[in-house]
Amino acid sequence: MLASRSTPTGDAAMSTKPLAAVFAALIAGQPALAEVGAFASPPVTLEGFGVICEVQLQGTRPAPDTLSGLLNLVDQDRPIDVETLQVPAELGLSFGIRSSLTAGSAVPQVTVVVTHPPMGPNGVTVERWPTPMNFGETSLNLFTFEHEYELAEGAWMFQLERDGEVLLQQPFQVTAPGTVPAVQQACFAAEIMS
């Protein structure tokens, strides 16, 4: 559930990796999101990204352009527990981006766009919702694995758009459960010890 370029190296072996990744992604029927890369353009600043072990819900609101039709409301000041681009597909984990506006900027609203592997009975791959952006406040936008069908391994992308222009994007790779040691330690250490 949602909550609110390769550079040339001159090495022939290295230069084929991006093409192999693109080819593999196309065969799988998905865009090569991991090859797109992260960026933030003014007036938006990327403050952080990664995994939050557990979020406390503060309510929900309608989000018709999402698979569930609802958006979880969470504390916008909740810190990110593990800064990582790799996210294990584990129920209860949340991951995403924290952003803010540069000084003197005014953007009353942006659209959060999350692209992911197909999920649900209709194979949904894109979910979106509007979110306010106010100078001096951070905006935390997450996806929380709440249902088995949401544990979609592969390339994910979070973007912030304004009037169709992408102002920020951050790719993630969702991997098999238990495959990201830093997340396992931060989020599941008590379970591992018992």
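The opening position of the sequence shown corresponds to residue 80 in the working numbering, with each subsequent residue numbered one higher.
Beta carbons are placed, not taken as given, at the ideal position from N, Cα and C, and that holds for glycine.
Bear in mind that the values here come from a model prediction, so they are computed numbers and not experimental data.
Among all the DSSP beta bridges, which residues are the ones paired with residue i?
i, result
"Gly233", "Val253"
"Val191", "Trp208 and Leu239"
"Gln248", "Phe118 and Gln238"
"Leu180", "Val123"
"Ile131", "Ser173"
Can you tell which of the options has its C-alpha closest to the C-alpha of residue i?
i, options, result
"Met212", "Pro187, Pro200 and Gly199", "Pro187"
"Asp154", "Leu170, Pro143 and Arg177", "Arg177"
"Leu150", "Glu162, Pro260 and Asn220", "Asn220"
"Met274", "Pro250, Val205, Pro196 and Val245", "Residue 274 lies beyond the range of the chain shown here (80 to 273); nothing can be said about it."
"Gly127", "Val245, Pro143, Ile159 and Leu136", "Ile159"
"Pro196", "Gln264, Thr254 and Ile131", "Thr254"
"Ala185", "Pro122, Ala268 and Trp208", "Pro122"
"Ala182", "Pro200, Thr217, Val193 and Thr204", "Thr217"
"Val262", "Ala119, Gly116 and Cys132", "Cys132"
"Arg116", "Met198, Leu247 and Ala168", "Checking the sequence, you will find Gly at residue 116 rather than Arg. Closest by alpha carbon: Leu247."
"Gly243", "Ala168, Val191, Glu229 and Gly175", "Val191"
With DSSP collapsed to three states, give me the class of residue i.
i, result
"Pro260", "helix"
"Phe267", "helix"
"Glu169", "coil"
"Glu216", "coil"
"Glu126", "strand"
"Ile106", "Reliability of the predicted coordinates at Ile106 is poor, the pLDDT of 32 falling under 50, and the value obtained from them is presented with this limitation in mind. Ile106 falls in the helix class under three-state DSSP."
"Gly138", "strand"
"Val186", "coil"
"Ala111", "Only weak support is given to the placement of Ala111: the predicted model assigns it a pLDDT of 45, under 50, and the question is left unresolved by the model."
Which whole-angstrom value is the C-beta distance of residue i and residue j, which I expect to be below 8 Å?
i, j, result
"Val189", "Glu240", "6 Å"
"Phe224", "Leu170", "5 Å"
"Ser20", "Phe214", "Look at the range of the chain in this structure, 80 to 273, and you will see that residue 20 is not part of it."
"Leu146", "Val203", "5 Å"
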